[in-house]
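Student: Below is a structure I'd like to ask you about.
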Amino acid sequence: MAQNQENIIANYLNRGILEANIKFAQNYDESMSVAKFYYVIDTADTFFFKDIMAFIHTFFDFAPIIQQPNDTFLILLRDCKLHKAKSLFSEFNKKFKHNFHFEIENIGITLLDKFDDSKSLIERLDKYFVMSKLSSRPKIFYGTKDFDFYETQDEKLVLKKIFEKIKTIRLHNFYQGLPILEEVKIESFKDGLIQIHIDPIKIPFYQKEKFTHIQHDLIPTTLKASIIKVETARFLMVLGKLEFLDTSAVERNYIRITPQRDIFASAIQENRKIFEGNILSISQDSVVLHVKINGISKLLENPLWNTEITLQFQIPTQKSFLTMIKTKAMIYSIVNEKVVCNIFPNTSSLAKIKNYISLRQKELIETLKKDIKRA
């Protein structure tokens with residue numbers, strides 16, 4: 008009887024926390040994303056569960072976590088739109104897997120609508136969570152009241168509704184890894200074509216590019232768009248051939264730059280070299296290497312997924328000297344002759360990498376300024 012009363016009180020408390028957050032967000036016109044995930048609690052190892060909850064709570068900046076029936080939990084992400092929520096969970100899964108050596112596989116996310124109550128919000132969230140549970144591979148499912156990427160419908164009509172609701176989009180491009188960002192307003196969207204006004208200073212840059220990436224606050228995934236036309240006289244650009252991307256370079260947490268000259272790196276496990284190659288790009292938490300085809304073939308025979316390795320290489324310093332970096336790493340993907348590694352540098356190595364990226368950024372900015380001036 009006492010246990011039943013505790014459950015009733017816990018349910019009312021959880022519902023009160025959810026409804027209070029909904030009311031606050033709606034009253035103050037603040038965005039809020041809600042995520043639902045599944046984790047079976049091992050009662051024989053409650054200390055492990057405590058560590059997991061502490062990690063989740065800390066990663067999401069102490070956002071409220073609400074326990075639900077059947078080993079499920081809600082996370083309430085205040086002042087967080089859907090695209091940011093999806094990117095946060097993608098990054099969370101990567102770090103969670105490194106710390107605890109398994110993934111949170113079933114995740115659904117939705118965005119609070121101004122007409123939502125707790126019932127409509129949870130019903131929509133449950134729909135995406137069930138999709139995730141039924142998926143044949145781990146995947147985050149997400150959507151809003153207006154936008155459901157995972158149902159079959161006319162994407163142009165859905166986008167038209169979204170662009171009418173919020174006309175602002177962000178354009179993302181890269182100059183040798185250096186991000187080029189511009190926020191613009193959609194002038195028109197018709198027959199799958201977007202017309203926008205752009206910054207005249209960036210026109211020479213767009214004329215060299217074939218495509219751009221688009222982010223919108225109500226669209227949980229990045230759009231890739233071909234640059235159809237740039238009108239220099241009216242500062243207009245027309246975008247088309249819109250493509251939804253599950254993952255993109257735009258969602259990186261840190262700037263990834265291209266080295267000016269070759270940087271050779273080698274991967275080691277238990278004092279044995281397992282592969283080597285030239286660094287194509289580097290950020291605070293990842294390195295992309297070009298590995299020769301024979302090295303790729305050997306690696307694919309034993310790709311060492313979810314296995315910690317050591318990556319070592321030398322990078323330039325401010326005075327043009329070389330400094331050694333030796334960091335823990337894990338292979339993230341192998342595509343053609345590219346190997347992408349997540350890296351986990353210690354404090355000293357991280358400071359050196361940050362310094363190198365900063366130096367390279369300054370060089371790229373100066374080069375970009377000269378290119379724009381010449382154009």
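Following our numbering from start to finish, the sequence shown increments by one per residue and tops out at 382.
All residues carry an ideal CB built from backbone N, CA and C; glycine is no exception.
Is the beta carbon of isoleucine 262 less than 8 Å from the beta carbon of isoleucine 360?
Tutor: Within the sequence shown, residue 262 is the residue found at index 255, counting from 1. Within the sequence shown, residue 360 is the residue found at index 353, counting from 1. It is not a contact, given that the beta carbons lie outside the stated cut-off.
Student: Would you kindly work out how many angstroms separate the C-alpha atoms of tyrosine 213 and isoleucine 234, rounded to a whole number?
Tutor: On the sequence shown, position 206 is the one that residue 213 refers to. On the sequence shown, position 227 is the one that residue 234 refers to. Cα to Cα, tyrosine 213 sits roughly 8 Å from isoleucine 234.
Student: Could you check if leucine 307 is buried or exposed, using at least 16 other CB atoms within 10 Å of its CB as the buried criterion?
Tutor: Numbered from 1 along the sequence shown, position 300 holds the residue referred to as residue 307. Answer is exposed; the Cβ neighbour count stays below 16.
Student: In three-state DSSP terms, what is serine 143?
Tutor: As a position in the sequence shown, residue 143 is number 136, starting the count at 1. Looking at serine 143 - three-state DSSP - the assignment turns out to be coil, as it is neither helix nor strand.
Student: Would you call the segment 104 to 112 and the segment 65 to 73 in contact, with 3 or more CB pairs under 8 Å?
Tutor: no
Student: Could you check the C-alpha separation between alanine 358 and isoleucine 350 for me, to the nearest Å?
Tutor: For the purposes of this step, residue 358 is taken as residue 351 along the sequence shown, with counting starting at 1. For the purposes of this step, residue 350 is taken as residue 343 along the sequence shown, with counting starting at 1. The straight-line gap from Cα to Cα measures roughly 14 Å.
Student: Please classify tyrosine 35 as buried or exposed, where buried requires at least 16 neighbouring CB atoms within 10 angstroms.
Tutor: Numbered from its first residue, the sequence shown carries residue 35 at position 28. With fewer than 16 Cβ atoms within 10 Å of its Cβ, tyrosine 35 is classed as exposed.
Student: Under 8 Å, do serine 38 and aspartate 68 count as touching if we go by C-beta distance?
Tutor: The residue you call residue 38 lines up with position 31 of the sequence shown. The residue you call residue 68 lines up with position 61 of the sequence shown. The answer is no: Cβ separation not under 8 Å.
Student: Proline 323 lies in the beta strand (DSSP E); which residues open and close that run?
Tutor: Residue 323 sits at position 316 when you count from the first residue of the sequence shown. Segment 316 to 323, the beta strand (DSSP E) holding proline 323.
Student: In whole angstroms, what separates the C-alpha of lysine 326 from that of leucine 296?
Tutor: On the sequence shown, residue 326 is found 319 positions in, with the first residue counted as 1. On the sequence shown, residue 296 is found 289 positions in, with the first residue counted as 1. Across the structure, lysine 326 and leucine 296 are spaced so that their CA atoms are roughly 25 Å apart.
Student: Between Pro266, Glu194 and Asp198, which has its C-alpha nearest glutamine 368's C-alpha?
Tutor: Here the question's residue 368 lines up with position 361 in the sequence shown. Considering only alpha carbons, the answer is Pro266.
Student: Hey, leucine 81 and leucine 118: beta-carbon distance below 8 Å or not?
Tutor: The residue labelled residue 81 in the question sits at position 74 within the sequence shown. The residue labelled residue 118 in the question sits at position 111 within the sequence shown. No.
Student: Evaluate glutamine 321 with the Cβ neighbour count: other Cβ atoms within 10 Å of its Cβ, from every protein chain shown; 16 or more gives buried, anything less gives exposed.
Tutor: Here residue 321 refers to the residue found at position 314 of the sequence shown. Label assigned to glutamine 321: exposed.
Student: Can you grab the Cα-Cα spacing for the pair tyrosine 182 / histidine 220, in whole Å?
Tutor: On the sequence shown, position 175 is the one that residue 182 refers to. On the sequence shown, position 213 is the one that residue 220 refers to. The straight-line gap from Cα to Cα measures roughly 13 Å.
Student: Exposed or buried, which one is aspartate 96 when buried takes at least 16 other CB atoms within 10 Å?
Tutor: As a first step, residue 96 must be located in the sequence shown, where it is residue number 89. According to the sequence provided, residue 96 is phenylalanine. The question's aspartate does not apply to it. Burial call: buried.
Student: So, is alanine 32 buried or exposed, given that buried needs 16 or more other C-beta atoms within 10 angstroms?
Tutor: Your numbering for residue 32 matches position 25 in the sequence shown. Buried: at least 16 other Cβ atoms inside 10 Å.
Student: For histidine 204 and arginine 241, what's the separation of their Cα atoms in angstroms?
Tutor: Residue mapping note: residue 204 aligns to position 197 of the sequence shown, counting from 1. Residue mapping note: residue 241 aligns to position 234 of the sequence shown, counting from 1. About 8 Å.
Student: Would you check if the distance between the CB atom of threonine 415 and the CB atom of lysine 299 is smaller than 8 Å?
Tutor: Absent from the structure is residue 415, since the part of the chain shown begins at 8 and ends at 382.
Student: Less than 6 Å between C-beta atoms, sequence neighbours within five positions excluded: which residues of the same chain meet that for lysine 163?
Tutor: For the purposes of this step, residue 163 is identified with residue 156 of the sequence shown, where counting begins at 1. The residues are Gly199.
Student: By a C-beta neighbour count over all protein chains shown, 10 Å radius and 16 as the cutoff for buried, is leucine 329 buried or exposed?
Tutor: Taking the sequence shown and counting its residues from 1, the one referred to as residue 329 is at position 322. Counting Cβ neighbours within 10 Å, leucine 329 comes out exposed, since fewer than 16 surround it.
Student: Let me make sure I understand the geometry here. Which of Ala92, Ser293, Lys152 and Lys57 has the alpha-carbon closest to that of leucine 128?
Tutor: For this step, residue 128 is matched to residue 121 along the sequence shown. Ranking Ala92, Ser293, Lys152 and Lys57 by Cα distance to leucine 128 puts Lys152 first.
Student: Can the beta-carbon of lysine 248 be found less than 8 Å from the beta-carbon of alanine 232?
Tutor: One-based indexing of the sequence shown puts residue 248 at position 241. One-based indexing of the sequence shown puts residue 232 at position 225. Against a cut-off of 8 Å, the Cβ pair of alanine 232 and lysine 248 comes out as a contact.
Student: If distances are taken between C-alpha atoms only, which option among Phe122, Asp123 and Ile116 comes closest to aspartate 133?
Tutor: Counting from one through the sequence shown, the residue named residue 133 turns up at place 126. Aspartate 133 has its Cα closest to that of Ile116, out of Phe122, Asp123 and Ile116.
Student: Which residue from Ala42, Thr79 and Lys102 puts its Cα closest to that of phenylalanine 66?
Tutor: Along the sequence shown, read from residue 1 onward, the residue named residue 66 stands at position 59. Closest by alpha carbon: Lys102.
Student: On the three-state DSSP scale, how would you describe glutamine 214?
Tutor: Taking the sequence shown and counting its residues from 1, one reaches residue 214 at position 207. Three-state DSSP puts glutamine 214 in a helix.
Student: So for threonine 159, helix, strand or coil by DSSP?
Tutor: Locating residue 159 in the sequence shown gives position 152, where the first residue counts as 1. Confidence in threonine 159 is poor, its pLDDT being 44 and thus under 50, which makes the residue's placement unreliable; the coordinate value appears in the next sentence. Coil, per DSSP.
Student: Using only the alpha-carbon positions, how far apart do glutamate 158 and tyrosine 135 sit?
Tutor: Your numbering for residue 158 matches position 151 in the sequence shown. Your numbering for residue 135 matches position 128 in the sequence shown. Residue confidence for glutamate 158 is low, a pLDDT of 48 falling below 50, so the modelled location carries little weight; the figure read from the coordinates is stated next. Linking glutamate 158 to tyrosine 135 through their CA atoms gives a straight-line distance of about 11 Å.
Student: Measure the C-alpha to C-alpha separation of isoleucine 187 and leucine 230 and round it to an integer number of angstroms.
Tutor: What you label residue 187 is simply residue 180 of the sequence shown in a count that begins at 1. What you label residue 230 is simply residue 223 of the sequence shown in a count that begins at 1. Those two C-alpha atoms are separated by around 16 Å.
Student: CA-CA distance, glutamate 190 and glutamine 222?
Tutor: As a position in the sequence shown, residue 190 is number 183, starting the count at 1. As a position in the sequence shown, residue 222 is number 215, starting the count at 1. Cα to Cα, glutamate 190 sits roughly 9 Å from glutamine 222.
Student: Does DSSP classify arginine 263 as helix, strand or coil?
Tutor: Translated into the one-based positions of the sequence shown, residue 263 becomes position 256. In the structure shown, arginine 263 adopts coil according to DSSP, grouped into three states.
Student: Less than 8 Å separating the beta-carbons of isoleucine 193 and isoleucine 210?
Tutor: As a first step, residue 193 must be located in the sequence shown, where it is residue number 186. As a first step, residue 210 must be located in the sequence shown, where it is residue number 203. No, these two residues do not count as a Cβ contact at 8 Å.
Student: What first and last residue would you give for the alpha helix (DSSP H) that runs through asparagine 301?
Tutor: Position 294 of the sequence shown holds residue 301. For asparagine 301, the enclosing alpha helix (DSSP H) has its first and last residue at 300 to 308.
Student: With distances taken between CB atoms, is the gap from isoleucine 29 to serine 125 smaller than 8 Å?
Tutor: As a working note, residue 29 is residue 22 in the sequence shown. As a working note, residue 125 is residue 118 in the sequence shown. For isoleucine 29 and serine 125, yes; Cβs fall inside 8 Å.
Student: Three-state secondary structure (DSSP) at proline 137?
Tutor: Taking the first residue of the sequence shown as position 1, residue 137 is located at position 130. Note that residue 137 is valine in the sequence shown, not proline. It is helical.
Student: Looking only at its own chain, which residues have a Cβ that is under 7 Å from the Cβ of lysine 174, when we skip the five neighbours before and after it?
Tutor: Translated into the one-based positions of the sequence shown, residue 174 becomes position 167. Taking C-beta separations shorter than 7 Å and ignoring five residues to either side along the sequence, the partners of lysine 174 in its chain run Lys192 and Ile193, following chain order.
Student: Can you tell which of Ala274, Asn353 and Ile289 has the C-alpha that lies nearest to the C-alpha of leucine 311?
Tutor: Counting from 1 along the sequence shown, the entry for residue 311 is found at position 304. For leucine 311, the nearest C-alpha among the options comes from Ala274.
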